[in-house]
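As you go down the protein sequences, you meet chains U and B in turn.
Remember, the working numbering sits 23 above the position in the first sequence when you count from 1.
Remember, the working numbering sits 201 above the position in the second sequence when you count from 1.
Every residue, glycine too, gets a C-beta built ideally from N, C-alpha and C.
Report on one structure; see the data block that follows.
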Amino acid sequence: MELVPAVTDLEQLKGHPAIARLISWNPKSVEGVKFDRDEMTIYVERSAIREACALLRTDTNCPFSYLSDVTCVDWYPSEPRFEVIYHLLSMVNKERVRLKVRLSGESPTLESITSVWPGANYFEREVFDLFGVRFSGHPYLRRLLMPEDWKGHPLRKDYPVEGYR
Amino acid sequence: MILNMGPQHPSTHGVLRLILEIDGETVVRMMPDIGFLHTGIEKTCEAKFYQQVVPLTDRIDYLCPMTNNLCYVLAVEKLLGLELPPKAQWLRVMMNELTRINSHLVWLGTHALDMGAMTVFLYCFREREDILRLFEAVSGQRMMTSYFRVGGVALEPPLDFFDRVRKFANRFPSKVDEYEGLLTGNPIWMMRTKGVAKLSAEDAIAIGASGPTLRGSGVDFDLRRDMPYTGYDNFKFIVPVGKDGDVFARYMCRVAELRESISIVSQALDGMPSGPIKANAPKVVLPDREKMKTEMEALIYHFKIITEGFAVPEGEVYQAVESPRGEMGYYIVSDGSAKPYRVHMRSACLANMQALPKMCEGYLLADVVAAIGSIDIVLGEIDR
Chain U
24 MELVPAVTDL
34 EQLKGHPAIA
44 RLISWNPKSV
54 EGVKFDRDEM
64 TIYVERSAIR
74 EACALLRTDT
84 NCPFSYLSDV
94 TCVDWYPSEP
104 RFEVIYHLLS
114 MVNKERVRLK
124 VRLSGESPTL
134 ESITSVWPGA
144 NYFEREVFDL
154 FGVRFSGHPY
164 LRRLLMPEDW
174 KGHPLRKDYP
184 VEGYR
Chain B
202 MILNMGPQHP
212 STHGVLRLIL
222 EIDGETVVRM
232 MPDIGFLHTG
242 IEKTCEAKFY
252 QQVVPLTDRI
262 DYLCPMTNNL
272 CYVLAVEKLL
282 GLELPPKAQW
292 LRVMMNELTR
302 INSHLVWLGT
312 HALDMGAMTV
322 FLYCFRERED
332 ILRLFEAVSG
342 QRMMTSYFRV
352 GGVALEPPLD
362 FFDRVRKFAN
372 RFPSKVDEYE
382 GLLTGNPIWM
392 MRTKGVAKLS
402 AEDAIAIGAS
412 GPTLRGSGVD
422 FDLRRDMPYT
432 GYDNFKFIVP
442 VGKDGDVFAR
452 YMCRVAELRE
462 SISIVSQALD
472 GMPSGPIKAN
482 APKVVLPDRE
492 KMKTEMEALI
502 YHFKIITEGF
512 AVPEGEVYQA
522 VESPRGEMGY
532 YIVSDGSAKP
542 YRVHMRSACL
552 ANMQALPKMC
562 EGYLLADVVA
572 AIGSIDIVLG
582 EIDR
């Protein structure tokens with residue numbers, strides 16, 4: 024199995040149901056796409072993420088009804104620093120799609136998708152706890168894994184491994 | 202009244218703390234509090250070579266180590282673009298199903314113990330011991346096996362191994378009958394489980410539940426069948442689906458899965474292909490001991506893999522497998538070096554646990570114990 028180079032051309036990938044749906048809704052919501060190792064990634068504009076999720080969830084052709092995962096990657100020191108990643112699954116079409124939102128390092132905030140999937144609750148709390156990304160509209164945004172009085176966000180790349188002393 | 206349950210409570214299967222608001226004996230509101238077992242495994246992974254992460258994955262979910270090994274190595278193999286020889290794949294399927302049986306046996310034993318049926322616990326651990334002995338024979342370890350490696354499996358199984366598995370596979374279905382004889386028709390068991398802690402299909406999907414918790418609510422979805430990996434498409438099995446979404450439905454799903462898993466093990470034994478157990482990729486897969494000591498080339502590769510690791514091309518993958526608890530997923534980001542830039546584990550239990558308040562609110566306090574047992578919670582996996 025040879026690795027094929029990633030496809031990042033939006034024109035070529037337009038036919039994908041999720042991308043087509045998002046573009047027909049709002050062409051500005053899609054910032055970029057990537058098809059690599061049989062996995063589709065859509066870069067979504069920051070302010071559009073909640074509505075994009077709601078649209079994809081109820082799409083008639085290919086409903087991505089199931090939220091598998093929400094996580095984050097820290098690209099410190101480059102900017103935009105954070106990528107929040109959503110893995111969506113279509114149980115009908117047996118297909119996955121990955122949504123990505125890029126966030127700047129200074130006060131990273133984006134809209135919570137707990138109103139779309141209640142299951143995003145703990146995943147978003149975990150991202151907040153470990154990366155310090157804030158989700159506006161989250162019902163209970165508190166630390167999940169670390170103690171309440173912990174300083175800093177351990178999965179950030181600039182976090183000292185021994186903790187702050 | 203606010204009642205604090207746990208973290209040191211025998212029925213929470215680890216250290217789960219539940220904050221319960223109760224009105225008499227009825228649970229009005231429930232809030233799980235987790236993080237007591239947080240060890241920062243995801244952060245640790247970032248400082249290790251790709252092959253050094255494998256033993257860490259065992260420790261996430263100590264009841265199904267091989268499922269975690271499998272998920273991780275599949276993700277790295279996808280990043281590398283490695284193709285596996287058939288024997289390695291079949292071995293992986295076989296070991297993975299034995300792991301599922303092992304995990305379900307612990308679940309069944311402890312779940313029944315929570316509800317006051319002690320005999321089942323002893324019976325289940327009797328068969329679990331057989332499986333642990335098989336694991337020990339093949340990997341040298343009973344629990345933290347680390348048997349799967351990037352590009353194959355660690356070792357050729359010992360000579361009599363397949364015979365031993367065959368004997369176990371022939372014996373096991375009658376043992377499942379024994380467990381079922383003790384529980385399925387038992388009026389006390391039915392009163393404790395039927396109609397308790399219900400979860401509707403819509404709620405289960407919205408909350409991200411997976412595995413038997415999802416299937417018990419009537420959603421017919423199993424990653425092994427619907428998005429096959431590591432050669433599961435070569436096997437015939439039924440995906441048991443419940444209807445009522447209560448504790449009993451989840452119990453029936455898991456017991457039926459025990460039978461299906463042992464049938465997959467038998468199929469794997471019948472059709473076990475011959476050939477190598479490692480992929481032909483000298484830069485990634487450690488050479489055989491024999492070769493390493495006699496061939497210069499192999500010695501160099503061995504030295505380089507051990508000291509420098511192997512570089513993985515830039516990219517990212519999300520690989521999910523059906524663990525005994527549901528969708529176990531690994532999201533790995535590579536920046537082209539020999540250490541993963543980011544490893545994230547999608548824990549099935551974390552999502553399933555979010556369903557607990559939905560299941561328990563409105564039911565009796567005693568049913569909370571049944572609900573926790575029925576989602577087969579493993580705190581190591583939740584806290585990571």
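Let me see if you follow: with CB-CB separation under 9 Å, is U/S91 close to chain C or not?
Absent from the structure is chain C; the protein chains it does hold are U and B.
Does the Cβ of B/K484 have 16 or more other Cβ atoms within 10 Å, making it buried, or fewer, making it exposed?
exposed
Member of U/E149, U/F146 and U/F58 whose CA lies at the smallest distance from the CA of B/G516
U/F58
Quick check on U/K57: does DSSP put it in helix, strand or coil?
strand
U/D97 bridges to which residues according to DSSP?
U/F105
Is B/F504 buried or exposed, if buried means 16 or more other CB atoms sit within 10 Å of its CB?
exposed
Is the beta carbon of U/Y99 closer than 9 Å to that of U/R179?
yes
Going along the chain, which residues of its own chain have a beta-carbon closer than 8 Å to the beta-carbon of B/T394, five neighbours each way excluded?
M316, D447, V448, F449, Y452, A571 and S575
Per DSSP, what are the beta-bridge partners of U/F158 in this structure?
U/L133
Under 7 Å Cβ-Cβ, which residues of chain U neighbour B/L551?
Y145
Between B/E247 and B/R547, is the Cβ-Cβ spacing less than 9 Å?
no
Please list the partners that B/Q290 has in chain U, where partner means a Cβ-to-Cβ separation under 9 Å.
Within chain U, no residue comes near B/Q290; the closest Cβ sits about 13 Å away, beyond 9 Å.
Identified DSSP bridge partners for B/M546
B/Y531
Where does the unbroken alpha helix (DSSP H) through B/D224 begin, and where does it stop?
Careful: B/D224 lies outside any alpha helix (DSSP H), inside the beta strand (DSSP E) at R218 to D224.
Label B/S304 either buried or exposed according to how many other C-beta atoms from any shown protein chain fall within 10 Å of its C-beta, with 16 as the threshold for buried.
buried
Start-to-end residues for the alpha helix (DSSP H) that takes in U/D32
First-last for U/D32: undefined, no H or E at that position.
Show which residues of chain B have a CB atom less than 7 Å away from the CB atom of U/V96.
V534 and R543
With 16 other CB atoms within 10 Å as the buried threshold, where does B/Q290 fall?
buried
Within-9 Å CB hit, U/D59 to chain B
yes
Beta-carbon proximity check, B/Y531 vs B/L275, cutoff 9 Å
yes
Residues in the same chain with beta-carbon distance under 8 Å from B/P558, minus the five sequence neighbours each way, listed in chain order, please.
R230, M231, M232 and P233
Which one of B/A539, B/I578 and B/R218 has the shortest CA to CA distance from B/A552?
B/I578
Could you work out which residue in B/K494, B/D378, B/D404 and B/L500 is closest to B/A457 when comparing CA atoms only?
B/D378
Starting from U/Y66 and walking both ways along the beta strand (DSSP E), at which residues does that stretch end?
E62 to V67
Closest to B/Y430 by CA distance: which of B/P286, B/V522 and B/I583 is it?
B/V522
Sheet register partners of B/K479 (DSSP bridge)
B/G353
Chain B contact for U/A75 (CB, 9 Å cutoff)
no
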